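In this text, residue positions in the sequence shown follow this note's numbering: the first is 7, and each later residue adds one. Contents: one structure, followed by commentary.
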Amino acid sequence: MQRFSLVLLFLLYAFPAFSETNSPFIIDQTRTDRAQTPPKPQQHPVPQPPVAPVAGVTPFVLKGVRIEGTSVDPSILSGAARPYVGRMTDARAITEIAQRISDAYAQSGDVALYTVTVPGQDFRDGILRLVVTEGYIAHIDVHGDTGGDVSRVVAMAQPLTAEHPLKRSTLERTLSLIRDLPDLTVDAQLLRGDKPGAVKLSLGLTQKRYNVALSLNDSGNSLLGRWQTQADVSLYDLLREGEQTTASFGTSTLLNRYQYYALSHSETLGNDGLRGSIAYGYLRTQIHAHALSGDAQTLQMGLSYPLIRSYQENLSLTASVDGLDSTNALLGVAVANENIRAARLSAVYSLAEPRWALALSGSMSFGLDVFGARVTSPAMETPKFRKLVVQGSYNRRIGEDWIVRLRAASQIAFDRLPVSELYALGGPVFGRAFLQSAALGDSALAGSIEIGFTPKGLPGRLAGLEVFGFADDGDTWYRARTPVPSIHEALASAGGGVRIPIGAKTKLELQAANALDAEVPGLRAGDWRFLFAISGKY
């Protein structure tokens, strides 16, 4: 397995990645040490009007450009006109210069709204004078199909009218935070105002009232059932704007093996992106063949805040506390008899450009010996644990048809962990040729690469189909516990598959994966596994 170690370290540190949600124990779906979803990048640049064409200019030799009315260093902007200096200049060239300076303005400053105009002048001295008018929002109109109160959106948008001129960073943050409200679609339009530089902002809102998510896959395990399904029903704005309440139910096709129930609620607190959440989950497991029957329940509360929020770059911080009480419940393939209390601090960073996207997350967890915390055996694990989880992803589009996806994750345990805090390999994220929780450890290192191809010109329902190949690799380390020695396990797999869109809301995924390495008792290299997954949001 050492042959993969350098590759994984390269993936983790040179291309830090952000994995898909990894919840192998089912009941841990809302925990922040598992993968979090970064906000979607929003490529909605503020459209600037083109420079009005200039006419009726007698050609002259351009000696320099003077820019008035700008808060950006004029020397930065005048560089856009440098190629024209010393040349014969006519009306067309003047329009080109003004447009180049307008484009440079977009890259050089933090002004959201501006126009570049060419005032009347005689050009006798060879100097071209340009005037920049920096804009502001004079009025905000909020309207649309919301079916309820829009005071939250109005309050979030109102500070935009206070800045003269309006900063681009302020506009991007404000519109992004409004679009972050659960399942709210926002159509933002800028309309000409009554005064120079004045703009009216029109916000057309469409609020979904509910969302249903369904999934079925065969990535479970041999004890709880290979085929697993889950349904999530989300309701929005039950009492106030910005709320989301979700009820979930999950089970296997062998209904008696496990049942998972969950209820979560989150809402916006204030007008600057602070969000509070609370979640409860209950898991019942029953394996008659092994006389295993138990249950577990969890409660989690958290606060998250977007420290940076823009169209391209984002950084959010989350603080949460959670507790889990398990009595003989099967978490993955391990039986847990423990009451765990934990505080977690997490950060998620993302950066997106038109052809690539990077996302990183880190979570530090601290076990708390409070409120009846206990572990199965104090000699083998501790309720006052510490661990760090780092995850990430890097996606790069190549040409128009190809995309490369890199994923990596690492868990570093500073103590002997209870069962519910172990890291699991196997399943749809790392170790696709193996069932979920095929390898468990206090610490782990894993990485994957996927190359996807989307052919053009496919007919009808096949449009958007993606063919992909992948390889993944991972190691877990289980710390020595008396009388259990330290254990190192490793998995690696490779294969390919196809993702097929079924309409606009459903996706079918078919894969074949071969086990390249299986340093786990009971598993062997060379075996093939075929995977099926279908999911949709309605």
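Every residue gets a Cβ at the ideal spot worked out from N, C-alpha and C, and that includes glycine. Quantities reported herein were computed from a predicted structural model and do not represent experimental measurements.
What residue from the options has the CA that sits closest to residue i's CA?
i, options, result
"residue 109", "78, 387, 186, 247", "78"
"residue 202", "139, 423, 103", "139"
"residue 276", "159, 35, 439", "159"
"residue 370", "379, 327, 332, 333", "327"
"residue 88", "528, 450, 70, 502", "70"
"residue 151", "144, 145, 189, 135", "189"
"residue 521", "484, 458, 437, 97", "437"
"residue 494", "389, 430, 441", "430"
"residue 129", "72, 204, 258, 342", "72"
"residue 228", "83, 237, 315, 441", "441"
"residue 406", "512, 252, 458", "458"
"residue 135", "154, 103, 149, 114", "103"
Whole angstroms is fine: what's the gap from residue i's alpha carbon to residue j's?
i, j, result
"residue 164", "residue 518", "53 Å"
"residue 413", "residue 479", "10 Å"
"residue 376", "residue 348", "9 Å"
"residue 141", "residue 170", "7 Å"
"residue 112", "residue 120", "9 Å"
"residue 346", "residue 463", "54 Å"
"residue 510", "residue 338", "33 Å"
"residue 422", "residue 335", "20 Å"
"residue 505", "residue 536", "14 Å"
"residue 333", "residue 303", "9 Å"
"residue 176", "residue 466", "42 Å"
"residue 400", "residue 271", "30 Å"
"residue 382", "residue 532", "36 Å"
"residue 14", "residue 157", "Legend: pLDDT at residue 14 = 35, less than 50; position of this residue unreliable, value from coordinates given subsequently. Computed Cα separation, rounded: 49 Å."
"residue 106", "residue 63", "19 Å"
"residue 497", "residue 516", "21 Å"
"residue 403", "residue 192", "27 Å"
"residue 146", "residue 366", "35 Å"
"residue 17", "residue 491", "Residue placement at residue 17 is flagged as unreliable, the pLDDT there being 34, under the threshold of 50; the coordinate-derived value follows with that caveat. Whole-angstrom Cα-Cα distance: 30 Å."
"residue 96", "residue 123", "16 Å"
"residue 455", "residue 76", "47 Å"
"residue 294", "residue 481", "32 Å"
If you follow the alpha helix (DSSP H) that residue i is part of, which residue opens it and which one closes it?
i, result
"residue 109", "97-114"
"residue 84", "80-84"
"residue 158", "157-163"
Does residue i pass the burial test, meaning 16 or more other C-beta atoms within 10 Å, or should it be called exposed?
i, result
"residue 234", "buried"
"residue 305", "exposed"
"residue 212", "exposed"
"residue 262", "exposed"
"residue 250", "buried"
"residue 61", "exposed"
"residue 162", "buried"
"residue 264", "buried"
"residue 297", "exposed"
"residue 1", "There is no way to answer for residue 1, as the model of the chain reaches only from 7 to 544."
"residue 433", "buried"
"residue 470", "exposed"
"residue 243", "buried"
"residue 385", "exposed"
"residue 363", "buried"
"residue 179", "buried"
"residue 450", "buried"
"residue 30", "buried"
Report yes if the C-beta distance between residue i and residue j is below 8 Å; otherwise report no.
i, j, result
"residue 323", "residue 353", "yes"
"residue 409", "residue 393", "no"
"residue 546", "residue 32", "Lying outside 7 to 544, the shown extent of the chain, residue 546 is not represented and no answer is given."
"residue 484", "residue 448", "yes"
"residue 502", "residue 474", "yes"
"residue 68", "residue 93", "yes"
"residue 117", "residue 206", "no"
"residue 539", "residue 217", "no"
"residue 248", "residue 187", "yes"
"residue 240", "residue 281", "no"
"residue 144", "residue 204", "yes"
"residue 344", "residue 380", "yes"
Which residue marks the beginning of the beta strand (DSSP E) containing residue i, and which one marks its end?
i, result
"residue 178", "Careful: residue 178 lies outside any beta strand (DSSP E), inside the alpha helix (DSSP H) at 174-185."
"residue 492", "Taken as a continuous stretch (DSSP letters only), residue 492 belongs to no beta strand (DSSP E), as it is neither H nor E."
"residue 386", "Careful: residue 386 lies outside any beta strand (DSSP E) and carries neither H nor E."
"residue 445", "445-447"
"residue 355", "340-359"
"residue 234", "234-242"
"residue 294", "First-last for residue 294: undefined, no H or E at that position."
"residue 71", "70-74"
"residue 543", "534-543"
"residue 460", "Neither: residue 460 is in no beta strand (DSSP E) and is coded neither H nor E."
"residue 513", "512-525"
Can residue i be considered in contact with the ligand MN, in the sense that its beta carbon sits closer than 7 Å to one or more heavy atoms?
i, result
"residue 110", "Ligands displayed in this structure: none; no statement on the ligand MN is therefore possible."
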